[in-house]
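Inspection log for the structure reproduced underneath, given as structure tokens.
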Amino acid sequence: MSFPNPATSVKLVLLGEAAVGKSSLVLRFVSNDFQENKEPTIGAAFLTQKCTIGSKVIKYEIWDTAGQERFASLAPMYYRNAQAAIVVYDVTKPASFIRARHWVKELHEQASKDITIALVGNKYDLVEQDSPEDEENNMRKVSVEEGQNLADEEGILFFESSAKSGYNVNDIFIGIGSKIPESK
Ligand code: GDP
């Protein structure tokens, strides 16, 4: 008789500027749903979701933090004992990419040494139709290369995603889960 593997609990925190789509990514992952005009998160929200990766079952304990700068000083409370972090920016908003770079550096300085981090450029659906000949009117303001280079420099995972279409959302959580060691 075989027993299912016990779930490994993984505390995961989402960080990033307000309105980049952190809550929407969680909603897509947990409920496979999307809301066009989401109310902003105040403080932090907590949700759990199980995810099976091969023979491994991961129970994500997700802390979705508010992006407003006035909450930034509270972030260490959430990432201090997190095993995983998703740092989100909006591919149409350069300032959100600069903020993401700061979050990654802060995590590397202050979070646990073995934290698994994924950098995520969200709202991919808005740039899907961009044309290579029409730089001026393209919505994309952060290139795939810029995202990938930052991730390579920092030795972290990188994805572009869309909470709206669902593109790559599960892959973020599977990618992180694959790097987390199994529970004994
Ligand atoms: P948060 O403040 O980072 O948690 O961002 P929210 O999840 O509240 O999303 C902010 C706004 O962006 C909302 O109006 C969402 O509907 C919208 N949004 C989130 N993700 C996407 C996406 O992938 N594509 C598009 N087009 N809009 C998105």
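Residue numbers for the sequence shown follow this note's numbering, so the first one is 730 and each next one is one higher.
The beta carbon of each residue, even a glycine, is placed where N, CA and C say it ideally should be.
In this structure, does DSSP put residue i in helix, strand or coil?
i	result
GLU865	helix
ILE846	strand
TYR808	helix
ASN761	coil
VAL873	helix
SER753	helix
LYS913	For LYS913, the pLDDT reaches just 43, beneath the cut-off of 50, and the residue's location in the model is therefore unreliable, leaving the point undetermined.
Given a cut-off of 8 Å, decide if residue j and residue i are closer than it, judged by their beta-carbon atoms.
i	j	result
ILE905	ALA829	no
LYS767	SER752	yes
ALA774	ASP793	yes
SER738	LYS785	no
ILE791	LEU776	yes
ALA892	LEU754	yes
ILE901	ILE771	no
SER894	ASP854	yes
Suppose the cutoff is 6 Å on Cβ atoms and the five residues either side in sequence are ignored; what does the same chain contact list for residue i look like?
i	result
VAL820	GLY850, LYS852, VAL856, ARG869, VAL871
Tell me whether residue i counts as near ligand 1, meaning its Cβ is closer than 7 Å to at least one heavy atom of that ligand.
i	result
ASN851	yes
VAL749	yes
GLU889	no
LYS893	yes
ASN897	no
Who are the near neighbours of residue i in its chain, counting only those whose CB is closer than 8 Å to its CB and skipping five residues on each side?
i	result
GLN839	PRO805, TYR808, ARG809
ASP843	GLN812
So, for residue i: in the same chain, excluding its five sequence neighbours on each side, which residues have a beta-carbon less than 7 Å away from its beta-carbon?
i	result
ILE782	ILE903, GLY906, SER907
If you scan the stretch 778 to 808 from start to end, which runs of the beta strand (DSSP E) of 3 or more residues do you find wholly inside it?
Fully enclosed beta strand (DSSP E) runs of 3 or longer: 785 to 794.
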